[in-house]
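As structure tokens, the structure follows; a few thoughts come after it.
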Amino acid sequence: MGGKALTTLTQVRLPRAAYLQMQSRVLPIVSSLYERAAVPHFLPTKPDFGDLDIVVAGPRAGQKDPVSVITTHFKSAQVVKSGPTTSFDVDGFQVDLISCSVDEFDATVAFLSWGDLGGII
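To convert a position in the sequence shown, counted from 1, into the working numbering, add 1068.
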């Protein structure tokens, strides 16, 4: 979504170090609720980020609404669903959960990795 799905919040970009901290804060919570969860690879020279994409597949047994658990945990001010993507904020920074089937997980992560390269291929 490029960090523009949440319309009621002032969009922020995070420098690489802050983004990596955000990733290490959010990914363990998401991973605990899904069978598969991963952040697509990004270009090593990318200086800042407008959102954090996390591909997810297969909610773990007993998890009927993991998105609600996640957004409640982070006290998200806004949640927007658009197709397979659910966007929410963590302290004003946009996080996108991109849902797919377990069978499509590896291909989805690969497609979304390395910026726009998946779209070019």
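Even glycine gets a Cβ: it sits at the ideal position worked out from N, Cα and C.
With a threshold of 8 Å on Cβ separation, who are the neighbours of residue i within its own chain once the five nearest residues in sequence on each side are excluded?
i, result
"Val1170", "Glu1103, Arg1104, Ala1125, Gly1126"
"Thr1154", "Val1135, Val1147, Val1148, Asp1164, Leu1165, Ser1167"
"Lys1132", "none"
Let me confirm a value: residue i is counted as buried when at least 16 other C-beta atoms fall within 10 Å, else exposed. Which label applies?
i, result
"Leu1120", "buried"
"Thr1113", "exposed"
"Ser1092", "exposed"
Please classify residue i: does DSSP put it in a helix, a strand, or coil?
i, result
"Leu1082", "strand"
"Val1137", "helix"
"Val1158", "strand"
"Ala1125", "strand"
"Leu1101", "coil"
"Leu1111", "coil"
To the nearest angstrom, how far is the alpha carbon of residue i from that of residue j?
i, j, result
"Ala1129", "Pro1083", "36 Å"
"Ile1181", "Ser1150", "The residue you asked about is not Ile; residue 1181 is Ser in the sequence shown. Cα to Cα, Ser1181 sits roughly 20 Å from Ser1150."
"Met1069", "Asp1157", "In this prediction, Met1069 scores a pLDDT of 43, lower than 50, which makes its location untrustworthy; the coordinate-derived value is nonetheless stated afterwards. Distance between the alpha carbons of Met1069 and Asp1157: 13 Å."
"Ala1086", "Val1094", "12 Å"
"Gly1183", "Val1080", "19 Å"
"Ala1175", "Phe1110", "15 Å"
"Ala1145", "Phe1173", "28 Å"
"Ser1099", "Lys1143", "18 Å"
"Gly1118", "Met1090", "12 Å"
Are residue i and residue j touching if we call contact CB-CB under 7 Å?
i, j, result
"Gln1162", "Leu1101", "no"
"Pro1115", "Val1177", "no"
"Leu1088", "Gly1160", "no"
Excluding the five sequence neighbours on either side, which residues of its own chain have a C-beta within less than 6 Å of the C-beta of residue i, listed in chain order?
i, result
"Ala1106", "Val1123, Val1177"
For residue i, I'd like the list of residues in its chain whose CB is within less than 7 Å of its CB, leaving aside the five on either flank, ordered along the chain.
i, result
"Pro1152", "Ile1166, Ser1167, Cys1168"
"Gln1097", "A small fix is needed here, since residue 1097 is Ile in this sequence, not Gln. The answer, listed in chain order, is Ile1138, His1141."
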